[in-house]
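Trainee: Questions regarding the structure given below will be posed in turn.
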Amino acid sequence: MNTDLMPNFWKLSHGWKEFSFLDMVECIDEKLVYIHRTTAGKGQSSVSQAEEFVNAPIGDYFYLTHGNQGVYLLGQFTGPVNYFTKHSDGWMDRPFRLIHKANAREAYYGVEKWWTPNHNSTFVKVPHHEYDLFEELILTPYFNINLKDF
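Residue numbers for the sequence shown follow full-length UniProt numbering, so the first one is 1 and each next one is one higher.
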């Protein structure tokens with residue numbers, strides 16, 4: 001697959017300790033996704049996951065998971081970060097448009113990568129060289145999407 005012209009995909013996880021099921025429904029209804037500004041970087045990265053969230057370009061895609069308690073949707077960022085949210089105390093949000101609802105809200109038990117639902121991460125970019133695996137593990141089973149169709 002030629003990834004030169006492919007969009008960016010991110011994993012975005014709303015932690016089950018911070019977000020109840022009703023919080024998740026409210027976020028989806030309001031078309032807003034959240035991250036806390038103190039969310040640290042992964043591994044040795046000098047860039048925090050919160051900074052990645054702020055700097056992800058409008059138009060980038062993400063899939064939203066609730067820890068590993070289920071995948072909810074595939075969305076696309078439609079605006080910049082908002083620092084003044086109804087959830088004060090360091091929470092930031094971004095607006096999105098719904099691309100696809102997940103066909104099942106099941107936990108994921110496959111291969112573990114930083115960008116899979118079973119990995120403890122909040123906002124991680126899917127590397128372009130792993131798009132085939134991303135399609136196999138996430139896009140096809142949860143959204144019935146094949147990248148070659150686009």
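Glycine included, each C-beta is placed from N, C-alpha and C at the ideal position.
#1: When the Cβ atoms of the stretch 87–94 are set against those of the stretch 102–115, are three or more pairs found closer than 8 Å?
#2: How many Å lie between Asn103 and Asn120 at the Cα?
#3: Of all the alpha helix (DSSP H) runs that stay within the bounds of the stretch 77–148, which reach a length of 4 or more residues?
#4: If we ignore side chains and look at the alpha-carbon of each, how far apart do Leu74 and Glu52 end up?
#5: So if DSSP puts Thr65 in a beta bridge, which residue, or which two residues, is it bridged to?
#6: Report, in whole angstroms, the separation of the C-beta atoms of Phe123 and Trp10, which I expect to be a contact under 8 Å.
#7: Which residues bound the alpha helix (DSSP H) around Ile58?
#8: Assuming the contact rule is C-beta atoms closer than 8 Å, Gly70 and Ala40 should be a hit. Round their C-beta distance to whole Å, please.
#9: So Met6 and His128 are supposed to be a Cβ contact under 8 Å. How far apart are they, rounded?
#10: Could you give the distance in angstroms between the alpha-carbon of Glu130 and the alpha-carbon of Asn68?
#11: Going along the chain, which residues of its own chain have a beta-carbon closer than 6 Å to the beta-carbon of Arg105, five neighbours each way excluded?
#12: Could you tell me which of Ile99, Leu98, Asn55 sits nearest to Val81, measuring between CA atoms?
Mentor: So, to answer that:
#1: Not touching, per the Cβ criterion.
#2: As a first step, residue 103 must be located in the sequence shown, where it is residue number 103. As a first step, residue 120 must be located in the sequence shown, where it is residue number 120. If I take the Cα positions, the gap works out to 23 Å.
#3: 131–134, 140–143
#4: For the purposes of this step, residue 74 is taken as residue 74 along the sequence shown, with counting starting at 1. For the purposes of this step, residue 52 is taken as residue 52 along the sequence shown, with counting starting at 1. In a straight line, the C-alpha of Leu74 is about 18 Å away from that of Glu52.
#5: Translated into the one-based positions of the sequence shown, residue 65 becomes position 65. Looking at the DSSP assignment, Thr65 forms a beta bridge with Ser13, Val71.
#6: Along the sequence shown, read from residue 1 onward, the residue named residue 123 stands at position 123. Along the sequence shown, read from residue 1 onward, the residue named residue 10 stands at position 10. Yes, Phe123 and Trp10 are in contact; Cβ-Cβ is about 6 Å, under 8 Å.
#7: Locating residue 58 in the sequence shown gives position 58, counting from the first residue. Per DSSP, Ile58 belongs to no alpha helix (DSSP H) and is neither H nor E.
#8: For the purposes of this step, residue 70 is taken as residue 70 along the sequence shown, with counting starting at 1. For the purposes of this step, residue 40 is taken as residue 40 along the sequence shown, with counting starting at 1. That belief does not hold up - the Cβ atoms of Gly70 and Ala40 are roughly 24 Å apart, past 8 Å.
#9: Start at 1 with the first residue of the sequence shown, and residue 6 comes out as number 6. Start at 1 with the first residue of the sequence shown, and residue 128 comes out as number 128. Contact holds; Cβ gap of about 7 Å.
#10: For the purposes of this step, residue 130 is identified with residue 130 of the sequence shown, where counting begins at 1. For the purposes of this step, residue 68 is identified with residue 68 of the sequence shown, where counting begins at 1. When rounded, the distance between both Cα atoms is 20 Å.
#11: Translated into positions along the sequence shown, residue 105 becomes position 105. Here the set comprises Gly70.
#12: Your numbering for residue 81 matches position 81 in the sequence shown. The candidate whose alpha carbon is nearest that of Val81 is Asn55.
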